[in-house]
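Residue numbers (the working numbering): 151 to 382.
Glycine included, every Cβ here is placed at the ideal spot set by N, Cα and C.
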């Protein structure tokens with residue numbers, strides 16, 4: 151039996167030209183506290199997998215400092231969907247990340263406004279009507295996440311391990327959960343919004359099957375500082 155820890159990256163640089171990097175303060179701090187927690191629950195050197203995005207690998211490097219002789223497998227199937235393109239195709243104004251950040255900050259209810267534009271942009275993406283406009287359609291994204299799980303099962307068959315740490319993003323992790331729980335799109339989209347930075351979702355791999363054990367754990371962040379619980 152293998153225990154798999156699906157880990158969302160630490161807080162990224164939302165509203166900046168380059169989102170794909172950890173925020174210097176919170177993102178890095180979250181990753182280090184995550185690492186302290188991992189060292190308490192993983193008692194042997196884990197097999198490590200990371201998406202190819204910078205924020206995935208930065209989080210992994212900071213979180214795994216307590217472990218030695220690590221061999222990180224890079225698999226782009228664990229990469230996030232292109233949320234910046236999805237926002238920009240929904241509203242051309244949002245092609246500028248700073249304008250999204252400004253609009254959210256000045257909204258009467260920033261969180262509600264963010265949820266509204268996120269949901270509308272996602273609904274446009276999944277409608278299939280505009281698939282030709284996107285680098286990756288919703289269906290292609292789902293197929294890629296399915297492939298990530300296939301790749302994982304094949305890797306575990308070749309290199310059996312007691313523990314696996316996978317560094318990825320909220321959309322991918324939500325889709326894995328949705329697949330295992332048979333969630334519909336609305337439930338999946340709601341889940342994407344709720345997966346915390348530097349959180350852990352735990353799976354079990356036994357008899358060639360994946361089972362969900364826990365979802366979106368981040369109590370270790372709140373215990374350190376309630377302000378470290380973030381979702382961007």
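Check: Using 8 Å as the Cβ pair cut-off and three pairs as the minimum, do the region 153 to 165 and the region 352 to 361 touch?; Outcome: yes
Check: Measuring CA to CA, which of 344, 362, 348 and 251 is closest to residue 183?; Outcome: 348
Check: Does the Cβ of residue 218 have 16 or more other Cβ atoms within 10 Å, making it buried, or fewer, making it exposed?; Outcome: exposed
Check: Does the distance from the CB of residue 269 to the CB of residue 339 come in under 8 Å?; Outcome: yes
Check: For residue 351, report the span of its beta strand (DSSP E) as first-last.; Outcome: 350 to 356
Check: Who are the Cβ neighbours of residue 310 in its own chain at under 8 Å, not counting the five residues just before and after it?; Outcome: 152
Check: Answer with buried or exposed for residue 299, where buried requires no fewer than 16 other C-beta atoms within 10 angstroms of its C-beta.; Outcome: buried
Check: Within this structure, are the beta carbons of residue 255 and residue 245 separated by less than 8 Å?; Outcome: no
Check: Looking at the strands, I want to know which residues DSSP matches up with residue 223.; Outcome: 199
Check: If you draw a straight line from the alpha carbon of residue 169 to that of residue 234, how long is it in whole angstroms?; Outcome: 9 Å
Check: Could you check the C-alpha separation between residue 222 and residue 199 for me, to the nearest Å?; Outcome: 6 Å
Check: Helix, strand or coil, according to DSSP, for residue 318 in the structure here?; Outcome: strand
Check: Between residue 201 and residue 210, what straight-line distance do the alpha-carbon atoms span, to the nearest angstrom?; Outcome: 10 Å
Check: Helix, strand or coil, according to DSSP, for residue 301 in the structure here?; Outcome: helix
Check: What residues match up with residue 155 in a beta bridge as DSSP calls it?; Outcome: 315 and 352
Check: In the DSSP output, which residue or residues are listed as bridge partners for residue 360?; Outcome: 355
Check: Please report the straight-line C-alpha distance between residue 193 and residue 247, rounded to a whole angstrom.; Outcome: 41 Å
Check: To the nearest angstrom, report how far apart residue 288 and residue 172 are at their CA atoms.; Outcome: 26 Å
Check: Do you know offhand how far residue 373's Cα is from residue 281's?; Outcome: 43 Å
Check: State buried or exposed for residue 159, treating a residue as buried only when at least 16 other CB atoms are found within 10 Å of its CB.; Outcome: buried
Check: To which residues of the same chain is residue 306 closer than 8 Å at the C-beta, ignoring the five residues directly before and after it?; Outcome: 152, 197, 314 and 355
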